[in-house]
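What follows is a set of notes on a single structure, which appears directly below.
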Amino acid sequence: MKDQRKFWNQMADFGADAAVIDPNDKWGHKNRYIKWLRDEVFLKLINQTGFSVNVLDFGCGSGNISNLLAAHGHDVIGIDISLELLKLATTARRNGNSSFICYDGSNLPICLNSVDIVTTYLVLIHITDNDALQAVMRELYRCLKPGGLMIAIEQTRKKSKLTDNGYKRQRLQAEYQDIFSNAGFTASGRFTIRSGHMPLIYLVQLGLLPKYVFPILARIEQLFCPLSQQIGDYVDTVFLLKKPVSVQKAPSSDT
Ligand SMILES: C[S@@+](CC[C@H](N)C(=O)[O-])C[C@H]1O[C@@H](n2cnc3c(N)ncnc32)[C@H](O)[C@@H]1O
1 MKDQRKFWNQ MADFGADAAV IDPNDKWGHK NRYIKWLRDE VFLKLINQTG FSVNVLDFGC
61 GSGNISNLLA AHGHDVIGID ISLELLKLAT TARRNGNSSF ICYDGSNLPI CLNSVDIVTT
121 YLVLIHITDN DALQAVMREL YRCLKPGGLM IAIEQTRKKS KLTDNGYKRQ RLQAEYQDIF
181 SNAGFTASGR FTIRSGHMPL IYLVQLGLLP KYVFPILARI EQLFCPLSQQ IGDYVDTVFL
241 LKKPVSVQKA PSSDT
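Counted the way the working numbering counts, the sequence shown spans residues 1 to 255.
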């Protein structure tokens, strides 16, 4: 945890987007596409509820998703372990209701049953130990209102893999699903949106594909995901998780 905090505090030097997407994207074109795709997915899923909701953006980093959702009328609390990234999040805050909290990595300073939606994007992969992730998921479950939704987007692959000097674990979809259900969540949907190395991404990187083709590119990328999974590359998987409305009580020990 301490290492992760130090790592992310250092990443903040790259700026709000590069720090949390790809610091090696020289011209920023690839990061712009990935950011666009990420924002589209979250906005679409959240706006289809038709209400203004309160959102906990877990691992909000430089506040990209938090500030976007706040600008669309939602009340957002962004939480992260990196104070330096949170400073970027606060600086980028424009209009709307977003606030940011730096926390210890284990106990979320959020009330029981108080949040409509939890969002998280490429954060759970950085909690590389399965038991630690299980504990975090239980905390997120506690914060959600019964009937609440969690939207998690994470890199998954056919075989679990520890990458980037041990800072990231790309798990199997099934491995995630087990951890989520052990924390009490029920699965309410799952689909893939990005593949690690879709060939067209190199044209994006060079700035050869303008923004108006991004929706077409996203569609192609989605079609490319099954092949990508097959050949063992990673894909970005969207997990939709529900906290059941009637939570079953654990049996008491004296019965
Ligand atoms: C790839 S960045 C994603 C940031 C943000 N979700 C976004 O999409 O812009 C990963 C983030 O996870 C945060 N993080 C890593 N471990 C964490 C933990 N145990 N609890 C909360 N945040 C964590 C990092 O500080 C970093 O901000």
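Every residue gets a Cβ at the ideal spot worked out from N, C-alpha and C, and that includes glycine.
{"Check": "Cβ shell of residue 111 (< 8 angstroms), same chain only, five flanking positions each side left out", "Outcome": "143"}
{"Check": "Of the listed residues 194, 119, 97, nearest to residue 220 (C-alpha basis)", "Outcome": "194"}
{"Check": "Residue range of the unbroken beta strand (DSSP E) whose run includes residue 163", "Outcome": "161 to 163"}
{"Check": "Nearest neighbour of residue 60, chosen from 78, 114, 230, 87 [CA to CA]", "Outcome": "78"}
{"Check": "For residue 204 and residue 224, the rounded distance between their alpha carbons", "Outcome": "16 angstroms"}
{"Check": "Residue 190 - partner residues in DSSP beta bridges", "Outcome": "239"}
{"Check": "Top-ranked residue by Cα proximity to residue 105, from 123, 235, 178, 90", "Outcome": "123"}
{"Check": "Secondary structure of residue 168, DSSP reduced to three states", "Outcome": "strand"}
{"Check": "Endpoints, the beta strand (DSSP E) within which residue 263 is located", "Outcome": "Since the first residue of the chain shown is 1 and the last is 255, residue 263 is not available in this structure."}
{"Check": "Bridge-paired residues (DSSP) for residue 56", "Outcome": "77, 118"}
{"Check": "Bridge partner(s) assigned by DSSP for residue 102", "Outcome": "80"}
{"Check": "DSSP beta-bridge partners of residue 97", "Outcome": "75"}
{"Check": "C-alpha gap between residue 82 and residue 102, whole angstroms", "Outcome": "7 angstroms"}
{"Check": "Distance CB(residue 215)-CB(residue 146) smaller than 9 angstroms", "Outcome": "no"}
{"Check": "For residue 202, the three-state DSSP class (helix, strand or coil)", "Outcome": "helix"}
{"Check": "Rounded straight-line distance, which links the Cα of residue 212 to that of residue 137", "Outcome": "37 angstroms"}
{"Check": "C-beta neighbour in chain C for residue 19, strict 9 angstroms", "Outcome": "The structure shown has no chain C; it contains just one protein chain."}
{"Check": "Bounding residues of the alpha helix (DSSP H) (the contiguous stretch that carries residue 24)", "Outcome": "First-last for residue 24: undefined, no H or E at that position."}
{"Check": "CB contact flag (residue 117, residue 150, <9 angstroms)", "Outcome": "yes"}
{"Check": "Own chain residues within Cβ distance below 6 angstroms of residue 74, not counting five before or after", "Outcome": "52, 53, 55"}
{"Check": "For residue 66, the three-state DSSP class (helix, strand or coil)", "Outcome": "helix"}
{"Check": "DSSP-derived helix/strand/coil call for residue 228", "Outcome": "helix"}
{"Check": "Three-state class that DSSP yields for residue 181 in the structure shown", "Outcome": "helix"}
{"Check": "Alpha carbon of residue 242 to alpha carbon of residue 114, nearest angstrom", "Outcome": "14 angstroms"}
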